[in-house]
Amino acid sequence: MSDVVERTLSVLPGLLGQHDLGVGLRGSGGPGRVSVTSRLGSLIRSITALTSKHEEEKLIQQELTSLKATVSAPTTTLKLMKECMVRLIYCEMLGYESSFGYIHAIKLAQQGNLLEKRVGYLAVSLFLHENHELLLLLVNTVVKDLQSTNLVEVCMALTIVSQIFPREMIPAVLPLIEDKLQHSKEIIRRKAVQALYKFYLIAPNQVQHIHDKFRKALCDRDAGVMAASLHIYLQMIKESSSGYKDLTGSFVTILKQVVGGKLPIDFNYHSVPAPWLQIQLLRILGLLGKDDPRTSELMYDVLDESLRRAEINHNITYAILFECVQTIYTIYPKSELLEKAAKCIGKFVLSPKINLKYLGLKALTYVIQQDPNLALQHQMTIIECLDHPDPIIKRETLELLYRITNGQNVIVIVQKMLDYLKESKEEYAIINLAGKIAELAEKYAPDNEWFIQTMNAVFSVGGDVVHPDIPNNFLRLLAEGFDDGKEDDQLRIYAVQSYLALLKEEDALYPQKFLQVMSWVLGEYSNLVTDVDPEVILTKLHSLLKKTFVTSETKVWIMAAVSKIASHVSSSMTVDKLIQEFSNSLDTCMRQYAFELKHLCEDKALMKNLLPFDASCNDIVVDASLSFLDGFVAEGLGCGAAPYKPHHQRQQEKLSQEKALNFEPYGLSFASSVSSSGVTGRQSPAGLSFGSDMSGNSAETGHKETNTLKLEGVCKLWGKEGYLPKKESKAGKEDEPQTVSCGSLLAGQMGDPPVSQSDQVASLSEEDKEKQQLASTLFIGLGSSASVSLMGKADTATQKFKRKSKINATQSSEEMSDFQNSAASDFGPLLDTVPINMEEGSLNTKLRRASLCSSDIVEDNTAFETPQSLKTSGLDDGLSDSRMSQSSLFDSNIEIFQPSVSAHCESASKIPLVLCLPEELEELPHSEVVELCQSDALALYLCKVWTDDSLLLTVFVSNKTTSAFNAVNVVFEETEHFQVLESPTYQFPVIEAKSVKLCQKYVLMDTFCTMGNLSGSVSYQSEMETHLEFSITLSLLDFIRPMKMTTEDFGKLWLSLSNDVKQNIKMSSSEDSFSAALNALQQKLKLHIVDIIGNEGILACQLLPSVPCLLHCRTHSGMLALWFRSPCSALPDGLLYQCQKVMEKS
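In the working numbering, the protein residues as written are 212 to 1357.
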């Protein structure tokens, strides 16, 4: 250990840049000067020489006291401050708090030279976390360093941004980091990609507009930049792989080049070319090829090549082989690759090395669902792993057995799991294994007795660390019962009998959750057992209450059980004794229960009504409106009491009255300020004009412009309270629309059949015979002729405990509300979503509480044009935007695969002219008619109609044959984001030959998304039943409508909204005026222009049915500054993304 310390001390001066060893404590020379690096070395030596923790604490506290005095001294130089920071870092790494130095670390990063800034940034990255309040002081420093011409400063700024920069500060640096993607130095581009990856993880909505730049990074000439971009693509493809299928060829080509060794030798590790890069690419290909034959076909050759080349006996090649196996079994299967992957798994499983054996079991667990016979080939090895001394091997073997469990082997596998559970001391393993045992017991229990005994073992061995869902699900199963009432009673009777037997043991110590389960079951169903006196059960429960190990929470369960049992007996001495004993208890909760039980025992009729038998699943009618308090409220209001205000309204008023900190820098755009409504105060949108000028791009530091307002001849229209003049409301004000709710198995079995036991040597040892007998018991039901029932797959066998819910599904009636009334009352805060009912074309609006939750925003490729004639953009244009560049990946000898343009979208000219909308829809804004799907006999076409209050999907069903079709059904599938009103199925009894039928469905956005797919299918009967599938792409803009209001109403509503987003957007050269930009937003995004005042404008729209979103915008120095506010947290981000696309395409 001392040798390691000496070597560390010898290299410290070089690492810290300390070449002048004659620097004193105050930077002055002299005979007594002492090197501060020597001070660090002395500190390290002193700590390593100590013999106790107490001595270390004393020494560190002395050092911290000295450092605090030094850094606080006004005469301390930056060079000395740098050395003090190094010692502070060391103390902080040892676990001692040194918060007094945090602010000095920030100052050092701001003021020092290159080496001092480096130490300052290092200290900040180690001292502070993402949510630390002092990070706000670092924003301007990072912005300045990102604009620096010194590469080292830029690198330091990008590093700190990718480590600890918080979500709220991203807009301040995002434009600068985007520019760094075009930097001439590859290290800058690589660090910029890493920073954007960090941004994508913490705020994906804010970087969705630069996905095209990610594609350029993937084609970068430097391999490091390309490798950095793979992290972003892996994350995006995990969330939605459909949008990146066109890049499959590019990823395959990159992997071929990597495997072929065409990367620089610096990327090699133990002679293996870029192994971590290979692993990333294999994972990406696995996600892209899942359930997709066409995409998977592109990967087969490179996967075969990867398996063949990974032959070096080293851990990193084993990792590559493991990823190859997982990818091969994930994508659409190919028999040759599956055979090679199975052989690779066999080598792993049979390896004597523990790490390789673990990899084999892990891979076997992963592929067992696709190839059950693979487990049969290695059944004896799996049996041996059950007795392996390594607990990790045991645990992975049990995981494998869990995956192959069925009704025939459940008893043996559960027993093995219970044996391991009794031996395990690790809390995580206990929680995980207990949950799996409970799941298997509920799904495959052969009889009631085994089920109850197994669950008792889980509760007893698992203790109080088992997940709360396990006892809750067990009790719910007992309460809800099965399809057979007689079987319900048998299960409950056996449970009561087993718990009474367990309670007979006087000295037994049971976990608290197990005691709670016992108490509940005895209280609910003890009267089913007729051969046991209730007084005996009450006596056992009373004795439990006296136990010292029973917690207060468990005593409450026991008291509840006593109360239920007492309701079924006329009188009980035990109950009277219990009431008398606990009426004077020091535990207030127990004393209260005792008094309640006493009063209930005095009124048996009331007691039976309150505690009926087997009523745990009955609905309890709750008066959510608290109507019984109406009289009290009316009396209070009559006496002058203030009316109730919801919590969010009180919070907004409090924020508007407080003098909150203003984080907007002078002369900078509000894109660089903190866009968090929880920090900034509530202010009128025009208040920005009086605060600061908009500089647009923070990188444009060369423009020197004054920030003084020129108010000569300008009428004062805006003030602190909003819009000043009281404008007359416009005549004929349109009513707000009442709108609607947002409310394989492989084809062939791989592997050979198991070897017959009769072919083996007859003279086997007793141990081998036992293992073979255990194997035949564990792996029963996995043969090719047997019906396989695997976890995670559809099980055709009848489930033992199939729950039958006794809960009556009642829907509470909700009062009708009119949006116009809420709009007239000062535009109070709106709910995130408003659901609907639609019957025969009439829209009835109901208000309820729902969730418009923010989701990860996907790129929207749908372009909207004028409201009169909205046309969908061509597929060729969409693909041309995302096409890879011709630049080589690493050098001129390496080419990138260019995805070809797919031509599966026909032009509008090929659509029959007979497909026209009805007259009442022809006047409404609508898209062109496009093809959804077709066969030789039938074709489907789609036209979107944007009504004022919903999206109407008009589907044309065309019979192209000379014979009629019967029973044509168009079915829309349920999705997470969209809701099809009325029935999702539309049926045509018959479609005559050469004719077209029309199907209309109203669709609403149920959960917020920027783009999503609504899938469906059409089936028809001719000579045989035919089935076609289709998918409709729906955009956020399909559900955005203009929201007309006055300027005064806009100001009131603005102050009441809580979620906002601010961003600067460059205006294109074609946008020669502010009005042109507003017109573009109005036409493309369906925004209503409320008012234009000079170079500022306010616009409004709503997400159907009635979620408002307000926009305040202004121009400055060629930039368009946007500020969105809405009650829905995700809506401003989504509309900001659309605005960025509109400005880019203008």
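Glycine included, each C-beta is placed from N, C-alpha and C at the ideal position.
Locate the beta strand (DSSP E) running through Leu1314, then write down its first and last residues. Glu1307 to Leu1314
Determine the direct distance from the alpha carbon of Asp658 to that of Ala1008, and round the result to whole angstroms. For Ala1008, the pLDDT reaches just 45, beneath the cut-off of 50, and the residue's location in the model is therefore unreliable, although a value from the coordinates is still provided. Just so you know, the alpha carbons of Ala1008 and Asp658 end up roughly 15 Å apart.
Count the other C-beta atoms from every protein chain shown that fall within 10 angstroms of the C-beta of Lys293, then say buried if there are 16 or more, exposed otherwise. Sixteen is the threshold: when 16 or more other Cβ atoms of the shown chains lie within 10 Å of the Cβ of Lys293, as they do, the residue is buried.
Given a cut-off of 8 Å, decide if Asn684 and Phe824 are closer than it, judged by their beta-carbon atoms. no
Under the rule that 16 or more other beta-carbon atoms within 10 Å means buried, what is Leu1331, buried or exposed? buried
Taking the alpha-carbon of Arg400 as reference, which of Leu407, Tyr408 and Lys391 has the nearest alpha-carbon? Lys391
Here's the rule I'm using: 16 or more other beta-carbon atoms within 10 Å means buried, otherwise exposed. How should Asp423 be labelled? Per the 10 Å Cβ criterion, exposed.
Assuming Pro1285 and Asn1306 form a contact by the criterion Cβ under 8 Å, report the distance between their Cβ atoms to the nearest whole angstrom. Correcting the residue identity first, residue 1285 is Phe in this sequence and not Pro. About 6 Å; that satisfies the 8 Å criterion.
Between the region 345-364 and the region 313-331, can you find at least three pairs of beta-carbon atoms closer than 8 Å? By the Cβ test, the region 313-331 is in contact with the region 345-364, since at least three Cβ pairs between them sit closer than 8 Å.
Pick out whichever of Leu1245, Thr1218, Leu1248 and Ile1309 has its Cα sitting closest to the Cα of Lys1263. That would be Ile1309, whose Cα lies nearest to the Cα of Lys1263.
Note down the Cα distance separating Leu572 from Lys545, rounded to an integer number of angstroms. 22 Å
Selected residue, minimal CA-CA separation from Thr1258, among Ser1242, Ile1300 and Ile300: Ile1300
Buried or exposed: Ala719, going by 16 or more other Cβ atoms within 10 Å of its Cβ? exposed
With distances taken Cα to Cα, identify the nearest neighbour of Ala187 among Ala690, Asp744, Lys715 and Glu813. The requested residue 187 is not part of the displayed model; the chain covers only 212 to 1357.
Comparing C-alpha positions only, which one of Asp742, Ala1178 and Ile523 sits nearest to Ile1202? Ala1178
According to DSSP, which residues form a beta bridge with Val1245? For the record, residue 1245 in the displayed sequence is Leu; it is not Val. According to DSSP, Leu1245 bridges with Gly1223.
Decide if Pro1046 is buried, meaning its Cβ has at least 16 other Cβ atoms within 10 Å, or exposed. Bear in mind that a pLDDT of 37 at Pro1046, under 50, signals an unreliable position, so the model cannot answer this.
To the nearest angstrom, how far is the alpha carbon of Phe1167 from that of Met1254? 31 Å
Among Leu1342, Ser1337, Leu1333 and Cys1339, whose alpha-carbon lies nearest the alpha-carbon of Met1354? If we check each option's Cα against that of Met1354, Leu1333 comes out closest.
In the structure shown, what three-state DSSP assignment does Arg687 receive? helix
Simplified DSSP state of Gln358, which is helix, strand or coil: coil
What separation, rounded to the nearest whole angstrom, lies between the Cα atoms of Lys1359 and Asp582? Nothing can be reported for residue 1359, as the shown portion of the chain is limited to 212 through 1357.
Just tell me which of Ser283, His525, Leu474 and Pro486 has its CA closest to the CA of Arg432. Leu474
Taking the DSSP output, what are the residues bridged to Glu1142? Tyr1152
With H, G and I counted as helix, E and B as strand and the rest as coil, what does DSSP make of Lys564? coil
Comparing C-alpha positions only, which one of Glu389, Ile413, Leu412 and Lys449 sits nearest to Lys402? Considering only alpha carbons, the answer is Glu389.
What do you reckon, are the CB atoms on Glu1240 and Cys1144 nearer than 8 Å? yes
Is any non-hydrogen atom of the ligand COA found closer than 7 Å to the C-beta of Thr1158, if you look at the structure I gave you? The ligand content of the structure shown is nil, which means the ligand COA is not present either.
By Cβ distance, which residues of its chain are closer than 7 Å to Tyr480, with the 5 residues on each side in sequence left out? Pro486 and Ile527
For Thr1326: DSSP bridge partner residues: Leu1331
Express the C-alpha separation of Ile375 and Val297 in angstroms, rounding to a whole number. 20 Å
Backbone secondary structure at Arg401 - three-state DSSP: helix
Quick check on DSSP: helix, strand or coil for Ser1194? In the structure shown, Ser1194 sits in coil (DSSP, three-state: anything other than H, G, I, E or B).
Proximity of Thr538 and Leu493 at Cβ, strictly below 8 Å: For the pair Thr538 and Leu493, the CB atoms are nearer than the 8 Å cut-off.
Taking only three categories from DSSP, how would you classify Gln322? helix
Top-ranked residue by Cα proximity to Ala406, from Tyr1231, Gln272 and Val372: Val372
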